[in-house]
Amino acid sequence: MSETKFQVPDGLYYSKDHEYAKVEGSRVRVGITDYAQESLHDVVYVELPQLQKEVKQSVSIGAVESVKAASDLFAPVSGKVLEVNKRLEDEPELVNKDPYGEGWIAVIEPSGLKEDLAKLMDAQKYSEYLKGLGK
Amino acid sequence: MIEYAGWHMPVWYKTISDEHLAVRNAAGIFDISHMGRLHITGPDAANLLQKVTSNDISLLNPLAGQYSVVCNENGGIKDDVTTFKQGQEDFLLVCNAANRDKILAWVKTNAAGNVRIDDLTEQIPMFALQGPLAQRILQRVVEGDLSLVKRWKCAFTKIQGESVLVTRTGYTGEDGFEIYSMGNTASPTQRALKTWTAILNAGKNEGILPCGLGARDSLRLEAGYPLYGNEIEEDVNPFEAKLDFAVKLEKPASFNGKEPLTKVKGDGLKRVRVGIKLLERGSPRKDYPISVDGEQIGKVTSGLLSPLTGEAVGMGYVDAAHSGEGVRVEVGIRDRNVKAEIRKWPFYDEKRYGFRREIAK
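If you read the sequences in order, they're chains U and L.
Using the working numbering, the final residue of the first sequence is 132, and nothing's skipped along the way.
Using the working numbering, the final residue of the second sequence is 477, and nothing's skipped along the way.
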């Protein structure tokens, strides 16, 4: 695997906009990558996706904001929003501390998982992608 | 680290929030060597500055400074600057990094008579020490009594044997100093390191933090200070930017932009710079539309979630008719319209924070 200083766990799928999709049975947990949280730096506000909303891959479903910048959150897969991480309303810094764990943002019930995953990158490809960005 | 106007600079050392709070509650030091520093000297130096800046240079005694704007022929803002009178015919004009070449060329174009203009930006490292404990900390490393240097005044002194100019000014809303390392024995880089290290060490028990560009921006925004490229630009005049205090139409000498600005003053303003506070969750950002009853009346120029108050605040321009304090507006954030209101800056309690604070640290 190519070297990057950012955590890129195996088994997850990654978008070019630096969201991850973690398949958990019939559901997909969604968040932003270690690289994304590091670039945004101190996250102070997360605009959570709307519950039960039907979302499309690559369309904005929320936002992650730091003191300085706002970054759209794009759905890595299409489907319905089943859960959002309410803890982030009071503890947005979880996105920085543990982006792949407690800093998750939403859970989506996918509607076309196979096709959607085919458009995302695996850990190795995403690491190379980061490297290509000079990261 | 980012590239900023040709300088390689950190956006943060620790986090923007930590650095922001250090300046409001204790002290922070900024390396602002990127700022442009033009040395203007000679019998016609004051005349040149009267012509290119909007404030009245004749009001300045030696060892004092003023905030001013440099206007183009249309009365638009080429840059905002500070001018310090070091001696009778000896001035320092400090401009924004991104505008340094433009302002240098503009000042040269306007020069007449016996005046000399030197760009000393790379010879004079520059720092800002800001926060309620700034005086206490800086006093430990300089000669002379800093309490005698009042706001907008300056003094020549020494740090570790090297000559420095300290001015009681800043861009954070807090009390503090800007420190120019003028020295002549060591190289600019050596002097910069010496000054930086001496001040950081002097404040280490008080919680001083080195601060990057991120906190510089968040602090100035919270204080309501404009930033070139956001609130002020060549097509914005100083009256709509609410910088009236820096424009002296009645001063004894004419200046660039005087005629159009006199007209603006007579005609009244179409749009004005305002402060804005969101009343719902979200954060205002540059270029977000501001509307009233579904009709756009302006847009946001800067915004942030205040690390101090947690409030989502910003600045922008709106039609003059809707610029009154307390006017309810909406800010378009992605696909939502978020309730907000016009309010005045600074966006902190002036009894507790800022250089006018009543409760000392």
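Each residue gets a CB set at the ideal place from its N, CA and C atoms; glycine is no exception.
Item checked: Strand pairing of Met118 of chain U, partner residues [DSSP] -> As a first step, residue 118 of chain U is located in the first sequence; it is residue number 121 there, counting from the start. Beta-bridge annotation (DSSP): Met118 of chain U is paired with U:Tyr11.
Check: Taking Ala250 of chain L as the reference, which of L:Asn317, L:Ala227, L:Asp206 has the closest Cα?
Finding: One-based indexing of the second sequence puts residue 250 of chain L at position 134. The residue with the shortest Cα to Cα distance from Ala250 of chain L is L:Asn317.
Notebook entry, point to check: When DSSP labels each residue in this structure, what does Glu375 of chain L get in the three-state scheme?
Noted result: Translated into positions along the second sequence, residue 375 of chain L becomes position 259. Helix at Glu375 of chain L.
Checklist line | Delimiting residues of the alpha helix (DSSP H) encompassing Gln306 of chain L | finding: Working through the second sequence from its first residue, we reach residue 306 of chain L at position 190. Taken as a continuous stretch (DSSP letters only), the alpha helix (DSSP H) holding Gln306 of chain L covers 304 to 318.
Note to self: If you measure between the beta carbons of Lys128 of chain U and Tyr32 of chain U, is that distance less than 8 Å?
What the structure shows: Taking the first residue of the first sequence as 1, we reach residue 128 of chain U at position 131. Taking the first residue of the first sequence as 1, we reach residue 32 of chain U at position 35. No.
Margin query: With H, G and I counted as helix, E and B as strand and the rest as coil, what does DSSP make of Ala331 of chain L?
Written below: Here residue 331 of chain L refers to the residue found at position 215 of the second sequence. In the three-state scheme derived from DSSP, where H, G and I count as helix and E and B as strand, Ala331 of chain L is classed as helix.
Next item on the list: Measure how close the beta-carbons of Leu45 of chain U and Ile102 of chain U come, nearest whole angstrom, since I'm counting them as under 8 Å.
Entry: Locating residue 45 of chain U in the first sequence gives position 48, where the first residue counts as 1. Locating residue 102 of chain U in the first sequence gives position 105, where the first residue counts as 1. Rounded, the Cβ-Cβ distance is 7 Å, consistent with contact.
Next item on the list: Taking Thr131 of chain L as the query, report the chain U residues whose CB atoms sit under 7 Å from its CB, ordered along the chain.
Entry: Translated into the one-based positions of the second sequence, residue 131 of chain L becomes position 15. Those within 7 Å of Thr131 of chain L in chain U are His38, Asp39.
Checklist line | Three-way DSSP call (helix, strand, coil) for Ser36 of chain U in this model | finding: Position 39 of the first sequence, counted from the first residue, corresponds to residue 36 of chain U. It is helical.
Checklist line | Classification of Leu209 of chain L by the beta-carbon crowding that lies within 10 angstroms, buried from 16 upward | finding: Taking the second sequence and counting its residues from 1, the one referred to as residue 209 of chain L is at position 93. Flag for Leu209 of chain L reads buried.
Check: Out of L:Ala244, L:Leu385, L:Gly419, which has the shortest C-alpha to C-alpha gap to Pro354 of chain L?
Finding: For the purposes of this step, residue 354 of chain L is identified with residue 238 of the second sequence, where counting begins at 1. Taking only the C-alpha atoms, the option nearest Pro354 of chain L is L:Leu385.
Notebook entry, point to check: Distance, Cα to Cα, Lys364 of chain L vs Pro96 of chain U?
Noted result: Along the second sequence, read from residue 1 onward, the residue named residue 364 of chain L stands at position 248. Along the first sequence, read from residue 1 onward, the residue named residue 96 of chain U stands at position 99. Using only the alpha carbons, I get a separation of about 54 Å.
Check: Alpha carbon to alpha carbon, how far is Ile413 of chain L from Asp403 of chain L?
Finding: Within the second sequence, the letter at position 297 stands for residue 413 of chain L. Within the second sequence, the letter at position 287 stands for residue 403 of chain L. Going from the Cα of Ile413 of chain L to the Cα of Asp403 of chain L covers about 12 Å.
Notebook entry, point to check: Would you report the Cα separation of Ile145 of chain L and Arg389 of chain L, rounded to the nearest angstrom?
Noted result: Sequence index remark: in the second sequence, residue 145 of chain L carries index 29 (1-based). Sequence index remark: in the second sequence, residue 389 of chain L carries index 273 (1-based). Here the C-alpha atom of Ile145 of chain L lies approximately 29 Å from the C-alpha atom of Arg389 of chain L.
Notebook entry, point to check: Can you list, in chain order, the residues of its chain whose CB lies under 6 Å from that of Gly76 of chain U, leaving out five sequence neighbours each side?
Noted result: By 1-based counting over the first sequence, the position of residue 76 of chain U is 79. So the list reads Ile105, Glu106, Pro107, Ser108, once near-sequence residues are dropped.
Note to self: Less than 8 Å between CB atoms is the rule here; does Ser57 of chain U satisfy it with respect to chain L?
What the structure shows: Numbered from 1 along the first sequence, position 60 holds the residue referred to as residue 57 of chain U. Closer than 8 Å to some Cβ of chain L, the Cβ of Ser57 of chain U qualifies, so yes.
Item checked: Reduced DSSP category for Gln251 of chain L - H, G, I as helix; E, B as strand; rest coil -> Here the question's residue 251 of chain L lines up with position 135 in the second sequence. Gln251 of chain L falls in the helix class under three-state DSSP.
Notebook entry, point to check: At a CB-CB cut-off below 7 Å, which residues of chain L make contact with Glu51 of chain U?
Noted result: Here residue 51 of chain U is taken as the residue at index 54 of the first sequence, counted from 1. Result: empty, since nearest Cβ-Cβ is about 15 Å, beyond 7 Å.
Notebook entry, point to check: Just how far apart, CA to CA, sit Arg256 of chain L and Ile406 of chain L?
Noted result: As a working mapping, residue 256 of chain L is identified with position 140 in the second sequence. As a working mapping, residue 406 of chain L is identified with position 290 in the second sequence. The straight-line gap from Cα to Cα measures roughly 48 Å.
Note to self: With a threshold of 8 Å between beta-carbons, can Ser399 of chain L be considered close to chain U, or not?
What the structure shows: Counting from 1 along the second sequence, the entry for residue 399 of chain L is found at position 283. For Ser399 of chain L, the answer is yes, since a Cβ of chain U falls inside 8 Å of its Cβ.
Check: Quick one: does Pro126 of chain L have its CB under 8 Å from some CB of chain U?
Finding: As a working mapping, residue 126 of chain L is identified with position 10 in the second sequence. False, the Cβ-Cβ gap to chain U never drops below 8 Å.
Next item on the list: Could you spell out where the alpha helix (DSSP H) holding Leu220 of chain L opens and where it closes?
Entry: The sequence position of residue 220 of chain L within the second sequence is 104, counting from 1. It spans 216 to 226 - the alpha helix (DSSP H) in which Leu220 of chain L sits, taken as one unbroken run.
Margin query: At the level of alpha carbons, what is the spacing between Gly319 of chain L and Gly292 of chain L?
Written below: Working through the second sequence from its first residue, we reach residue 319 of chain L at position 203. Working through the second sequence from its first residue, we reach residue 292 of chain L at position 176. Gly319 of chain L and Gly292 of chain L: Cα-Cα distance of roughly 13 Å.
Item checked: Where Arg84 of chain U sits in the DSSP three-state scheme -> Against the first sequence, residue 84 of chain U aligns to sequence position 87. Here Arg84 of chain U sits in helix by DSSP.
Note to self: Taking 8 Å as the threshold (beta carbon to beta carbon), is Ser334 of chain L in contact with chain U?
What the structure shows: Reading the second sequence from its first residue, position 218 is the one you call residue 334 of chain L. Answer yes: the Cβ-Cβ gap between Ser334 of chain L and chain U drops below 8 Å somewhere.
Next item on the list: Apply the 10 Å Cβ neighbour rule to Phe361 of chain L and answer buried if 16 or more other Cβ atoms are within range, or exposed otherwise.
Entry: One-based indexing of the second sequence puts residue 361 of chain L at position 245. Its Cβ having fewer than 16 others within 10 Å, Phe361 of chain L is exposed.
Notebook entry, point to check: So, helix, strand or coil for Lys358 of chain L, using DSSP?
Noted result: Along the second sequence, read from residue 1 onward, the residue named residue 358 of chain L stands at position 242. Lys358 of chain L: coil per DSSP, three-state reduction.
Next item on the list: Go through its chain and collect everything with a Cβ distance to Met298 of chain L's Cβ below 7 Å, but skip five positions before and after it.
Entry: Counted from its first residue, the second sequence places residue 298 of chain L at position 182. Result list for Met298 of chain L: Ile240, Ser279, Val280, Leu281, in chain order.
Check: Between Ile193 of chain L and Glu350 of chain L, is the Cβ-Cβ spacing less than 8 Å?
Finding: Working through the second sequence from its first residue, we reach residue 193 of chain L at position 77. Working through the second sequence from its first residue, we reach residue 350 of chain L at position 234. Taking the C-beta atoms as reference points, Glu350 of chain L is found nearer than 8 Å to Ile193 of chain L.
Next item on the list: Can you check DSSP and say which residues form a bridge with Ile295 of chain L?
Entry: The count along the second sequence starts at 1 and reaches residue 295 of chain L at position 179. Secondary-structure assignment with DSSP links Ile295 of chain L through a beta bridge to L:Phe243, L:Val282.
Note to self: Using C-beta distances below 8 Å, list every residue in its chain close to Ile475 of chain L, excluding the 5 sequence neighbours before and after it, in chain order.
What the structure shows: Walking along the second sequence from the start, residue 475 of chain L turns up at place 359. Lys467, Arg468, listed in sequence order.
Item checked: Beta-carbon proximity of Val135 of chain L to Gly289 of chain L, cut-off 8 Å -> In the second sequence, residue 135 of chain L corresponds to position 19, counting from 1. In the second sequence, residue 289 of chain L corresponds to position 173, counting from 1. Contrary to the premise, residue 135 of chain L reads as Glu rather than Val in this sequence. Judged by beta-carbon spacing, Gly289 of chain L lies beyond the 8 Å limit of Glu135 of chain L, meaning their Cβ atoms are not closer than that value.
Next item on the list: Please check if any C-beta of chain L sits within less than 8 Å of the C-beta of Lys132 of chain U.
Entry: Working through the first sequence from its first residue, we reach residue 132 of chain U at position 135. Not an interface residue.
Note to self: Within a Cβ cutoff of 8 Å, which residues of the same chain sit near Val408 of chain L, ignoring the five residues on either side of it in sequence?
What the structure shows: Along the second sequence, one-based indexing puts residue 408 of chain L at 292. Answer for Val408 of chain L: His438, Val443, Arg444, Val445, Glu446, listed in chain order.
Note to self: Give me the residue from L:Lys224, L:Glu427, L:Asn212, L:Ile156 with the minimum Cα distance to Cys345 of chain L.
What the structure shows: Within the second sequence, numbered from 1, the residue matching residue 345 of chain L stands at position 229. The sequence given here places Gly at residue 345 of chain L; Cys does not occur at that position. When only C-alpha atoms are compared, the closest one is L:Asn212.
Margin query: Helix, strand or coil for Leu510 of chain L? Go by DSSP, reduced to three states.
Written below: Only positions 117 to 477 of chain L appear in the structure, and residue 510 of chain L is not among them; the question remains open.
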